[in-house]
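Here's the structure we're looking at; comments come further down.
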Amino acid sequence: MLKINDLRVNYGGIEAVKGITFEVPEKNIVTLIGANGAGKSTTLRSIAGLVKPSSGSITFEGQELVGMDTPDIISKGIALVPEGRHVFPDMTVLENIKIGAYLRKDSLEDDINWVYSLFPRLRERSWQLSGTMSGGEQQMLAVARALMSHPKLIMMDEPSLGLAPLIVKDIFSIIKEINKQGVTVLLIEQNANMALHTADMGYVLETGTITLSGTGKELLADESVKAAYLGKKNK
Amino acid sequence: MKNTKNNRTIKYKLYSLGALLVTLLILGFLQVNSSQYSYQISILERSAIYAVVAVSMNLLTGFTGLFSLGQAGFMAIGAYIVAILTIPVEQRASVYYVNGISPAIANLQCPFWLALIIAGLVAAGIAALMGIPVLRLKSDYLAIATLGFSEIIRAVIAAPQLDRITNGSYGLKSIPGFPNLFVAFGLCALCILLMVLLINSSYGRVFKAIREDEIAAQAMGLNLFRYKQMAFIISSFFTGIGGGLLAMFMRSIDSKTFSINLTYDILLIVVLGGIGSITGSVLGAFLVTAGREWLRFFDNPLYIGGIQIPLFRSGFRMVVFSILLMVVVLFYSRGIMGNNEFSWAGLGRLVKGIPDRFTKKKQKGDNTL
């Protein structure tokens, strides 16, 4: 569905992504894991068109995305849940959700009910200002907002960031649920353990290059992944 | 339970209707006795016009998060266009007595409502052109760029090359005023109503999203530049109309009227009323404009027991006014209304809350309606 080929991104003189190639097959959950500064967020941002890559190609359902503007990319059916949630704090939950569907012209009623059924907590808080909610609730709202655009592919940048372990579990079970309903998921995580348990496919990113790839289970069993991300010592 | 809720909305609707009726009655009374109350009327009219400009500035600053200081420039454009298009042809010779009038505009005259719309459209058109480079700037830089623009407009209007159109430094006079009070206040109310409708539409939601978080707004697929441009154009449209209304109110204008001080007055109103609150801006416009006048007694010499109190002389009211402003900003740091809007329910809570403030000493009352 999404193919990335030899993608390179520079920030000034610094090369943040040094030629990565990977693929997100339809209806799968694919995760990119890696430490800070590995280039995970940069990769996502260049898929969404927020950063212009210096070379390489990104194709979505056969269409080249490099060079397109963000609104056009989003309207192709890609949604981005930005890192650190970025909900609109002084707007109500419902307003936030409606903004997510801004590119659509049809009736929203069914979809609002759909996201409320995924996140019953948000229905209770429909009229609350989203800035006053807890981190976990804001993350749920950010995901709900992204789903309102009816994406074929939803990209999430560290949904577990700064959340309590129990809430992280909730978020990941919702990610699985969303995937079951037919949405392809590209997940970026530092929480390698949770991410690899959830994902069908995983890629390990280190300082701008992909060093390892495989199914979630394979990577979980890999010694170097265990050592670097799961805190298990090599014996 | 649903019934009581319905009853309440009906009750509030009746209140609003009552308030509207009272306003109309007061206007009618003032209209009938206009010669007797001309001073009060002029304060109210100026307040209403400032309210239009303040709400349009709030649309940009409070709702879209673009801090622009170009209001005086757009008002100048609007005011001059209305003036040039409405001064009666037979009086033009006496207005342009020094430099003569350019033949291009000598016989150009149209009704005031058309002139106001043209004024708004020209201001919006200039905003559209200016927005292309300027809206790529952020926060303070945008403010500096628009401030510079406003000064350029003023300089251009006063330029000797345009003497035969703008009458240069002599300014324009004999501008026809409002036919009656209802027209003046009706036009102001209509402008504000249109902006309220815009803010409550889905466009308003997009504007707020840009204010709150540009990154997230972009990730939602919003075309940031397009909506910033749109907010800037709409705001300038109503600022231009506000300038035109000011010209009709003042009857004579010159380029000095539209100095940077005018922008600061509007900014003061917006900040005092609450950034992001329309009712706040309207309230602020009336408080600031009327407040300056009420405080006039500070300018008169005051004698207590035959001794003149030295502080009371002309200019002292501005000192008092400034101190009052500081007090308001200290205690209501987000403006009088914050970013809330007026509602009857909110007013009810406020009135009920007043006794609590005196009984519960420790509890800090929230300063929102």
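Same order as they appear, the protein sequences are chains S and X. Note that the working numbering gives residue 71 to position 71 of the first sequence, counting from 1, and the numbers run on in steps of one. Note that the working numbering gives residue 1093 to position 93 of the second sequence, counting from 1, and the numbers run on in steps of one. Built from N, CA and C at the ideal position, the CB exists for glycine as well.
Neighbouring residues, chain X, relative to residue i (Cβ below 8 Å)
| i | result |
| --- | --- |
| Met91 of chain S | Arg1205, Lys1208, Ala1209, Glu1212 |
| Lys98 of chain S | Ser1202, Arg1205 |
| Leu80 of chain S | Ala1219 |
| Ser149 of chain S | Met1220, Gly1221 |
| Glu95 of chain S | Arg1205, Lys1208 |
| His86 of chain S | Asp1213, Ile1215, Ala1216, Ala1219 |
Classification of residue i by the beta-carbon crowding that lies within 10 angstroms, buried from 16 upward
| i | result |
| --- | --- |
| Arg1380 of chain X | No answer is possible for residue 1380 of chain X: the residues shown for chain X start at 1001 and end at 1369. |
| Ile1278 of chain X | buried |
| Asn1300 of chain X | exposed |
| Gly1365 of chain X | Per-residue confidence for Gly1365 of chain X stands at a pLDDT of 45, beneath the threshold of 50, marking its modelled position as unreliable; the derived number appears in the next sentence. Its Cβ having fewer than 16 others within 10 Å, Gly1365 of chain X is exposed. |
| Phe1331 of chain X | exposed |
| Arg45 of chain S | buried |
| Ala1019 of chain X | exposed |
| Ile1152 of chain X | exposed |
| Gly243 of chain S | The structure shown does not extend to residue 243 of chain S, since chain S spans only 1 to 235, so no value can be given for it. |
| Glu158 of chain S | buried |
| Val1134 of chain X | buried |
| Gly1353 of chain X | exposed |
| Gln1161 of chain X | exposed |
| Val1319 of chain X | exposed |
| Pro120 of chain S | exposed |
| Glu26 of chain S | exposed |
| Arg1211 of chain X | buried |
| Gln1071 of chain X | buried |
| Gln138 of chain S | buried |
| Val81 of chain S | buried |
| Val1122 of chain X | buried |
| Tyr1096 of chain X | buried |
| Lys1362 of chain X | Low confidence applies here, because Lys1362 of chain X scores a pLDDT of 46, under 50, leaving its location unreliable; read the following figure in that light. It counts as exposed. |
| Gly1242 of chain X | buried |
Partner residues on chain X for residue i, Cβ-Cβ distance less than 7 Å
| i | result |
| --- | --- |
| Thr42 of chain S | Here the premise fails: no neighbours, minimum Cβ distance about 14 Å. |
| Ser107 of chain S | Here the premise fails: no neighbours, minimum Cβ distance about 13 Å. |
| Asp103 of chain S | As written in the sequence, residue 103 of chain S is Leu, which differs from the Asp given in the question. Ordered by position in chain X, the residues that pass the 7 Å Cβ test against Leu103 of chain S are Gly1221. |
| Ile14 of chain S | Residues of chain X passing the Cβ test: none, with the nearest at roughly 21 Å. |
Closest residue to residue i among the options (Cα-Cα distance)
| i | options | result |
| --- | --- | --- |
| Phe1149 of chain X | X:Tyr1170, X:Asp1254, X:Ile1126, X:Tyr1050 | X:Ile1126 |
| Lys169 of chain S | S:Gly136, S:Thr21, S:Val185 | S:Gly136 |
| Leu166 of chain S | S:Met194, S:Thr31, S:Ile47 | S:Met194 |
| Gly1204 of chain X | X:Ala1231, X:Leu1190, X:Ala1079 | X:Ala1231 |
| Ala1337 of chain X | X:Gly1280, X:Phe1297, X:Phe1286 | It should be noted that the sequence gives Met, not Ala, for residue 1337 of chain X. It is X:Gly1280 whose Cα lies nearest to the Cα of Met1337 of chain X. |
| Ile188 of chain S | S:Gln181, S:Gly13, S:Phe172 | S:Phe172 |
| Ala1093 of chain X | X:Ala1159, X:Asn1167, X:Thr1061, X:Gly1274 | X:Asn1167 |
| Val1288 of chain X | X:Phe1298, X:Phe1297, X:Gly1273 | X:Gly1273 |
| Lys1228 of chain X | X:Arg1136, X:Phe1029, X:Gly1028, X:Lys1013 | X:Arg1136 |
| Gln1109 of chain X | X:Ile1087, X:Val1122, X:Met1130 | X:Ile1087 |
| Leu163 of chain S | S:Lys180, S:Val185, S:Asn191 | S:Asn191 |
| Ile1157 of chain X | X:Leu1222, X:Asn1223, X:Asp1254, X:Met1318 | X:Asp1254 |
| Ile1117 of chain X | X:Val1095, X:Asp1265, X:Gly1244 | X:Gly1244 |
| Glu15 of chain S | S:Thr31, S:Leu2, S:Leu32, S:Val51 | S:Val51 |
| Thr31 of chain S | S:Ala228, S:Gly208, S:Thr184, S:Leu103 | S:Thr184 |
| Ser1042 of chain X | X:Glu1090, X:Gly1284, X:Gly1177, X:Asn1099 | X:Gly1177 |
| Ala1143 of chain X | X:Arg1154, X:Asn1223, X:Leu1060 | X:Leu1060 |
| Ala1076 of chain X | X:Leu1311, X:Leu1302, X:Thr1257, X:Phe1286 | X:Thr1257 |
| Met91 of chain S | S:Ser130, S:Glu23, S:Thr211 | S:Ser130 |
Partner residues on chain X for residue i, Cβ-Cβ distance less than 9 Å
| i | result |
| --- | --- |
| Leu50 of chain S | Ile1215, Gln1218, Ala1219 |
| Ser75 of chain S | Gly1221 |
Closer than 7 Å at the beta carbon, the chain S residues around residue i
| i | result |
| --- | --- |
| Asn1223 of chain X | Pro71 |
Neighbour list for residue i in chain S, Cβ cutoff strictly below 8 Å
| i | result |
| --- | --- |
| Asn1339 of chain X | Asp90 |
> Along the chain, which unbroken stretches of the beta strand (DSSP E) at least 3 residues long are found entirely within the stretch 35 to 99 of chain S?
Replying inline: 55 to 60, 78 to 81
>> Between the stretch 92 to 106 of chain S and the stretch 1206 to 1223 of chain X, can you find at least three pairs of beta-carbon atoms closer than 8 Å?
In response: yes
> Does the stretch 79 to 96 of chain S come close enough to the stretch 144 to 164 of chain S that 3 or more CB-CB pairs lie under 8 Å?
Replying inline: yes
> So does the stretch 195 to 204 of chain S actually touch the stretch 213 to 233 of chain S, counting three or more Cβ pairs closer than 8 Å?
Replying inline: yes
>> Please give the ranges of any beta strand (DSSP E) in the stretch 1036 to 1074 of chain X, keeping only runs that are unbroken, at least 3 residues long and fully inside the region.
In response: none
> Taking the runs of the beta strand (DSSP E) that are 3 residues or longer, which of them lie wholly in the stretch 1306 to 1345 of chain X?
Replying inline: none
>> Please give the ranges of any alpha helix (DSSP H) in the stretch 165 to 219 of chain S, keeping only runs that are unbroken, at least 4 residues long and fully inside the region.
In response: 165 to 180, 192 to 198
>> Threshold first: 4 residues or longer. Then list the alpha helix (DSSP H) segments lying entirely within the stretch 98 to 154 of chain S, N to C.
In response: 109 to 118, 120 to 124, 135 to 147
> Using 8 Å as the threshold, is the stretch 1305 to 1320 of chain X in touch with the stretch 1247 to 1264 of chain X, meaning 3 or more CB pairs across them?
Replying inline: no
>> For the structure I just gave you, are there three or more beta carbon pairs, one from the stretch 1191 to 1201 of chain X and one from the stretch 114 to 133 of chain S, closer than 8 Å?
In response: no
>> For the stretch 214 to 221 of chain S against the stretch 59 to 74 of chain S, do three or more pairs of beta-carbon atoms, one drawn from each stretch, fall closer than 8 Å, so that the two count as touching?
In response: no
>> In chain order, what are the residue ranges of uninterrupted alpha helix (DSSP H) at least 4 long that sit wholly in the stretch 1122 to 1186 of chain X?
In response: 1139 to 1158, 1163 to 1166
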